[in-house]
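Worksheet: one structure, shown below.
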Amino acid sequence: MPGEVTDNRAAERFEMRVDGQLALIAYRRGEGRIILVHTEVPEALSGQGVGSRLVRGALDLIRAEGLRVVPRCSFVAAYMARHPETGDLLAEALPPG
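Per our numbering, the sequence shown runs over residues 992 to 1088.
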């Protein structure tokens, strides 16, 4: 299904294809946690909410797996700060601001 977020473990990233283009969140797995290090959305998809949909889908997959999130990516950290319902996934508190 277009816009579905999948976990590509071999490449260590969450992926979502939209209009034939790939948006992704790169990660590193650790014991009981996942470090989200970088979000990438093609310029052609910018401003369409693709990044937010990607983060939401990735967090849903992470929740289902029972992992905690370390958001090293500023986009993911900002998304989680704006959506307090994701706070239970945090491995550590987000810095203020």
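For each residue, glycine too, the CB sits at the ideal point set by N, CA and C.
Query	Result
Strand pairing of ARG1008, partner residues [DSSP]	LEU1013
Euclidean distance between Cα positions of SER1037 and ARG1020	27 Å
Helix, strand or coil at VAL1060 [DSSP, three-state]	strand
DSSP state of VAL1032 mapped onto helix, strand, coil	coil
Straight-line gap, PHE1089 to GLU1022 (C-alpha atoms, nearest Å)	The structure shown does not extend to residue 1089, since the chain spans only 992 to 1088, so no value can be given for it.
Buried versus exposed, by CB contacts within 10 Å (16 or more), ALA1049	buried
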